[in-house]
Structure formats: structure tokens, C-alpha cells
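S.K.: Residue numbers (our numbering): 120 to 360. Let me give you the structure first, and then I'll get to my questions.
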């Protein structure tokens with residue numbers, strides 16, 4: 120692209136859209152009303168990364184990153200109108216956080232770059248950052264409900280194991296799956312809906328625990344398997360044939 124545009128240019132566009140003579144849709148948006156759109160845009164960005172990996176074409180990814188940036192601008196503009204923070208506050212906040220969380224790069228520990236030490240620093244600094252912030256919930260409840268269920272399950276189980284030593288071993292989870300499978304055979308789906316859902320939940324949690332202990336990304340493997348199903352029924356046709 121030959122045109123040179125800055126972050127300031129984009130923010131000015133957003134402010135015009137939010138102004139009295141701007142776009143009715145943009146003017147009526149709030150932080151809450153934008154939530155579903157942000158979730159949709161995040162999913163589309165992930166999809167664009169997959170397209171780039173498969174085709175080498177980055178055009179869609181560039182466009183989707185722009186859509187995410189627009190949401191950052193909209194939320195920052197709304198926040199500025201409400202007098203709570205500005206885009207500059209957002210940029211300064213994340214800049215300071217990155218410096219603070221990388222003491223082995225920017226701080227007193229510069230030069231010490233063992234990955235396990237960096238990870239330990241990151242978790243300890245995150246813990247200190249949350250001290251005294253009354254809006255933060257308990258360690259497990261602070262994991263956002265808005266996350267995809269598989270991702271949230273993985274995070275909850277991992278943190279529960281770390282904080283409360285609550286993790287189950289691989290074989291223990293396999294046994295639980297076998298027990299649940301037997302119950303599944305015995306249940307009557309039409310008459311025992313609630314029981315069926317409970318068993319299915321136990322199976323999913325055990326599978327999630329196994330995936331986490333084996334460091335398997337559940338969302339990715341399920342996405343891959345879904346793609347296999349699609350390919351089975353709708354195989355991609357070779358345009359050269």
C-alpha cells in the first residue's frame with residue numbers, strides 16, 4: 120500500500136464517526152454492545168492466520184488485524200468520552216507492562232534468559248500486579264467465561280492443578296472415561312436427558328484433563344478433526360483437473 124496512514128489518522132476517523140454528525144451505528148455503540156463483534160472479529164483473525172498458513176496470502180490477515188485495531192480505537196474513543204482513559208493510556212499501559220514483565224530483557228536481570236526463569240518471572244509479576252485490585256475474582260473464577268469452553272476448561276484445570284494440586288494422572292482419567300462410557304451405554308437418552316448431559320460433561324472434563332497433561336491444544340485438534348469431517352463430505356476440487 121502506497122498511502123501512509125497513522126494511528127492518529129484512524130482515531131480521528133473514529134471520532135468523526137462518533138460525532139454528532141457521524142454514523143448512527145457507531146454513535147450508539149457502547150463497550151457492552153461491541154462485545155459480540157469483538158469476539159467475532161477475534162475468530163475471523165484466527166481464521167485468517169489459518170488461511171495465511173495454508174496459502175501464503177496475508178491479505179485477509181492484514182484486513183482482520185485492521186478490524187481488531189478498529190475495535191481498540193472504538194473502545195478507547197468511548198472511554199475517552201466517558202473520561203476514564205484514552206488511547207495513549209492504553210498504549211502506555213501495555214508498553215509499561217511488557218517492560219515490567221521482562222526484567223531479564225529490560226530490567227535488573229538483563230542477560231539472564233533461561234526460558235523457565237522467564238516463565239517464573241512472568242507468573243510472579245502477574246501475581247504482584249493483581250494485589251490490591253478489588254475487582255479481580257478468585258484465581259479460578261477470574262478465567263473469563265467468554266472464552267471457548269475447551270480453552271476455559273484447559274485453563275481452569277491447569278491452574279487448579281498448580282494452585283491446589285487437583286490434577287488427575289493420565290491413567291486415572293482414562294479409567295474415568297471407561298466408567299463414563301459404561302454409564303453412557305446404560306443411559307436412556309430420551310428419558311434421562313439430565314443424566315446424559317452430566318455423563319457427557321464428565322467425559323469432556325476428563326478428555327480436557329488428559330489433553331492438558333499431555334500439552335495438547337484442544338481447540339486446535341478439534342478444529343483439525345472438524346476440517347477432516349468437512350473434507351470427507353466436501354472434498355476440495357483440484358481446479359487443474
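Backbone N, C-alpha and C fix where the C-beta goes; we use that ideal spot for every residue, glycine too. These numbers come from a predicted model, not from an experiment.
Over the uninterrupted alpha helix (DSSP H) stretch that includes residue 305, give me the two end residues.
M.R.: Run containing residue 305: 289 to 305, per the alpha helix (DSSP H) assignment.
S.K.: So for residue 225, helix, strand or coil by DSSP?
M.R.: Residue state, collapsed to three classes: helix.
S.K.: So, are the CB atoms of residue 262 and residue 249 less than 8 Å apart?
M.R.: Against a cut-off of 8 Å, the Cβ pair of residue 249 and residue 262 comes out as no contact.
S.K.: With a 10 Å radius around its C-beta and 16 neighbouring C-beta atoms as the bar for buried, classify residue 288 as buried or exposed.
M.R.: By the neighbour-count rule (16 or more Cβ atoms within 10 Å), residue 288 is not buried but exposed.
S.K.: Using the beta-carbon count (16 or more within 10 Å), is residue 183 buried or exposed?
M.R.: That one is buried.
S.K.: Only counting runs of 3 or more residues, tell me where the beta strand (DSSP E) segments fall wholly within the region 193 to 220, in order along the chain.
M.R.: Complete beta strand (DSSP E) runs here, min 3: none at all.
S.K.: Can you list, in chain order, the residues of its chain whose CB lies under 7 Å from that of residue 123, leaving out five sequence neighbours each side?
M.R.: Same-chain partners within the cutoff: there are none.
S.K.: Since residue 143 is in the alpha helix (DSSP H), which residue starts that stretch and which ends it?
M.R.: Residues 143 to 146.
S.K.: What number of angstroms, rounded off, separates the C-alpha of residue 259 from the C-alpha of residue 180?
M.R.: Cα to Cα, the separation comes out at about 33 Å.
S.K.: How should residue 125 be labelled, buried or exposed, when 16 other C-beta atoms within 10 angstroms of its C-beta is the threshold for buried?
M.R.: Answer is exposed; the Cβ neighbour count stays below 16.
S.K.: Please classify residue 244: does DSSP put it in a helix, a strand, or coil?
M.R.: In this structure, residue 244 counts as helix in the three-state DSSP scheme.
S.K.: State buried or exposed for residue 149, treating a residue as buried only when at least 16 other CB atoms are found within 10 Å of its CB.
M.R.: Exposed, since its Cβ has fewer than 16 Cβ neighbours within 10 Å.
S.K.: Would you give the residue range spanned by the alpha helix (DSSP H) that residue 173 belongs to?
M.R.: Residue 173 -> alpha helix (DSSP H) spans 154 to 174.
S.K.: Judging by CA-CA distance, which residue of 272, 164 and 193 is the nearest neighbour of residue 136?
M.R.: Closest option to residue 136, Cα to Cα, is 193.
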